[in-house]
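So the sequence lines, in the order shown, correspond to chains V and R.
Residue numbers for the first sequence follow the working numbering, beginning at 12 and rising by one.
Residue numbers for the second sequence follow the working numbering, beginning at 17 and rising by one.
Glycine included, every Cβ here is placed at the ideal spot set by N, Cα and C.
Comments concern the structure below.
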Amino acid sequence: MSTSGHTAAIEHLYIDHHPWLQGWLRRRLGCAADAADLAQDAFLRLLATPRQFNTAFEARGYLRCMANGLCIDLWRRREVEQAWLQTLACHPEAVEPSPEQRALVVETLLEIGAMLGRLSQKAAAAFLMAQVDGLPYREIAAQLGVSDRMVKKYIAQAMLQCVLIEAGHPG
Amino acid sequence: MASVIPGASAGRRCAEPDYATLEAAASWYATLHSDEAGAADRQAWQAWLEQSEAHARAWSYIETVSQRFDPLRTGGHQAALAGVKAARRGSAGRRQVLRGLAGVFGLGMAGWMGWRHSALPETLLAWGADYRTATGEQREITLADGSRVWLNTDSALRVDYQAGARRLTLAAGEILVETGQDASQRPFYVDTRFGRMQALGTRFSVRHDARRTRLDVFASAVEINNAAGKVQRVEAGESAEFTADGIAALGQAERAREAWRRGVVVADNIPLGALIEDLARYQRGHLGVAPEVAELSVVGVYPATDTERALAMLENTLPIRVKRRTSWWVTLEAR
């Protein structure tokens, strides 16, 4: 399909299904603003990856499936943000982060969470203590109840997981 | 390492570091950041870096990864750790649980042992809810008429107060209700997909999962009206469970169904298997019991949201040991 043909097809899909999708999302999320954002997102994705549907039924099935994935993403983001903010709020000296800062942090946390996915809880904790606060190994070791040598091993393990992903290595 | 491939293929890809090189780079990183790293280490690292283009490229990845942490530095590592934990719960945990199920264990064990399925269905149910709690979270709410409701771990509740009735819908999980005095004497209902409960008294708990709804009454009485139209009154101190088809009396109301509000799981001479099924609801991942120890009797009070401690307490008093395959897969076995 030519680019213009593709865009025209999306336009039709948008007119036929956008109100329906937004309504579906509103019922699921219970929030009109979130529903509007995600419905927009779904069509942007459709624009990025061309697809052809034979029936309206098929199109709605696909859109529903995609919107479902977006809901799960949104919900996960909120959960991650909440966890970060809650802990942040425990520090008396903490400053309320701006919305932009929050968005950036959540993005980073999700990325890093995925990178550290295969590591033990302790290795992940050691790596974050070193990377985020620059704590010396001695202090990390004391906090985690392991030896300095173990901390060094954790850091190397964690960094390896990260660079493997960064370099697009199959691991 | 000498290459056996002639010049033609030696292009851009040659500079891409292999696994061993990335591993060496990560190890250099760990060495340089250790407390006793000195000038000799830095010199050796410099020499390694200049040895090949692949080494330099591997190190550039290390630097890119380090920069990724920049946005987290303002919040400190504790907040970052909490966030990363939440992010990992969603990705790695779910995958590992699924892999675990497909692998080592037969489905025979999974049948009654309360392994936690993926968080997905719970999430889907919870979206329509007004109040929800995450795994391991508890929450207290006060409604317009002064009624108080406690939500246990992993629960989703919808509240619908109208002119003619006060109606709660429990989509998933567990609630404990203390109804308030309503000025206009509206009836108070709790609905699940298996039926309706009408509060005739003041204090009761409802626990709902995919298979059944359980009701424990602690004061006055509650009337069950299930989807098939069967009606049964449950008095204070009694309990019952129902599905869409039937209602069954369960005998005495369980103290445990009230005690969770205080953050504890009470075992009043119950099988270990039942206690673990209850504890498993407060954490993600698999928590199971081997059949040979599942029938051991347990008495005691255990912290609901500190599973590690609860398991340590059990390990101290029973002939069992806790086996951790991963942090997401924990089973209790005979010692």
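CB contact check: residue i to chain R, cutoff 8 Å
{"i": "P147/V", "result": "yes"}
{"i": "H28/V", "result": "no"}
{"i": "I21/V", "result": "no"}
{"i": "G128/V", "result": "yes"}
{"i": "L49/V", "result": "no"}
{"i": "C76/V", "result": "no"}
{"i": "A53/V", "result": "no"}
{"i": "L81/V", "result": "no"}
{"i": "T98/V", "result": "yes"}
{"i": "E177/V", "result": "yes"}
{"i": "D45/V", "result": "no"}
{"i": "Q142/V", "result": "yes"}
{"i": "L115/V", "result": "yes"}
Residues bridged to residue i (per DSSP)
{"i": "N362/R", "result": "Here chain R has residues from 17 to 351 only, and residue 362/R is not among them."}
{"i": "K339/R", "result": "T347/R"}
{"i": "V193/R", "result": "V165/R and F220/R"}
{"i": "H302/R", "result": "W345/R"}
{"i": "Y147/R", "result": "L173/R"}
{"i": "P287/R", "result": "S313/R"}
{"i": "G267/R", "result": "S255/R"}
{"i": "P319/R", "result": "V280/R"}
{"i": "A235/R", "result": "R219/R"}
{"i": "E156/R", "result": "W166/R"}
{"i": "L85/V", "result": "None; L85/V has no bridge partner."}
Check whether residue i and residue j have beta carbons under 8 Å apart
{"i": "Q248/R", "j": "A256/R", "result": "yes"}
{"i": "D161/R", "j": "G217/R", "result": "no"}
{"i": "G304/R", "j": "T333/R", "result": "no"}
{"i": "L288/R", "j": "V314/R", "result": "yes"}
{"i": "V193/R", "j": "F210/R", "result": "no"}
{"i": "S43/R", "j": "A167/V", "result": "yes"}
{"i": "R113/V", "j": "E90/V", "result": "no"}
{"i": "A137/V", "j": "V174/V", "result": "no"}
{"i": "A78/V", "j": "L24/V", "result": "no"}
{"i": "L32/V", "j": "L85/V", "result": "no"}
{"i": "T151/R", "j": "R300/R", "result": "yes"}
{"i": "T98/V", "j": "A188/R", "result": "no"}
{"i": "V250/R", "j": "V222/R", "result": "no"}
{"i": "A46/V", "j": "L55/V", "result": "no"}
{"i": "A41/R", "j": "A74/R", "result": "yes"}
{"i": "A94/V", "j": "K101/R", "result": "yes"}
Test: residue i CB closer than 8 Å to a CB of chain V
{"i": "D57/R", "result": "no"}
{"i": "F85/R", "result": "yes"}
{"i": "T80/R", "result": "yes"}
{"i": "V247/R", "result": "no"}
{"i": "K101/R", "result": "yes"}
{"i": "E190/R", "result": "no"}
{"i": "L184/R", "result": "no"}
{"i": "H49/R", "result": "yes"}
{"i": "R28/R", "result": "Its pLDDT being 43, under 50, R28/R is placed unreliably in this model, and the coordinates cannot settle the point."}
{"i": "Q201/R", "result": "no"}
{"i": "H71/R", "result": "no"}
{"i": "M17/R", "result": "Note that M17/R scores 38 on pLDDT, short of 50, meaning its location in the model is unreliable and no value can be drawn from it."}
For residue j and residue i, the rounded distance between their alpha carbons
{"i": "V280/R", "j": "R271/R", "result": "11 Å"}
{"i": "E79/R", "j": "F85/R", "result": "10 Å"}
{"i": "H28/V", "j": "L231/R", "result": "43 Å"}
{"i": "L167/R", "j": "L81/V", "result": "27 Å"}
{"i": "A20/V", "j": "E122/V", "result": "34 Å"}
{"i": "P203/R", "j": "R183/R", "result": "8 Å"}
{"i": "I26/V", "j": "A67/V", "result": "12 Å"}
{"i": "T259/R", "j": "I286/R", "result": "23 Å"}
{"i": "A215/R", "j": "L115/V", "result": "48 Å"}
{"i": "E239/R", "j": "M213/R", "result": "5 Å"}
{"i": "A283/R", "j": "E293/R", "result": "12 Å"}
{"i": "A135/R", "j": "A44/V", "result": "Residue placement at A135/R is flagged as unreliable, the pLDDT there being 31, under the threshold of 50; the coordinate-derived value follows with that caveat. Roughly 25 Å between the two C-alpha positions."}
{"i": "R277/R", "j": "A252/R", "result": "18 Å"}
{"i": "P335/R", "j": "L291/R", "result": "16 Å"}
{"i": "V186/V", "j": "H93/R", "result": "In the structure as shown, chain V begins at 12 and stops at 182. Residue 186/V is therefore absent and cannot be evaluated."}
{"i": "R340/R", "j": "L57/V", "result": "44 Å"}
{"i": "G99/R", "j": "R71/V", "result": "34 Å"}
{"i": "D51/R", "j": "R297/R", "result": "42 Å"}
{"i": "E107/V", "j": "E66/R", "result": "44 Å"}
{"i": "P319/R", "j": "R325/R", "result": "7 Å"}
{"i": "A141/V", "j": "T90/R", "result": "14 Å"}
{"i": "L97/R", "j": "T119/V", "result": "12 Å"}
{"i": "A237/R", "j": "M329/R", "result": "36 Å"}
{"i": "P33/R", "j": "W61/R", "result": "16 Å"}
Distance cut-off 7 Å: residue i Cβ against heavy atoms of the ligand MN
{"i": "L57/V", "result": "The model depicted lacks the ligand MN and carries no ligand whatsoever."}
inquiry  = Going residue by residue through the segment 97 to 150 of chain V, where are the continuous alpha helix (DSSP H) segments of at least 4 residues, counting only ones entirely within it?
reply    = 110 to 126 and 132 to 144
request  = With a floor of 4 residues, list each alpha helix (DSSP H) that falls wholly inside the segment 39 to 107 of chain R, ordered by position along the chain.
outcome  = 55 to 67, 69 to 84 and 93 to 104
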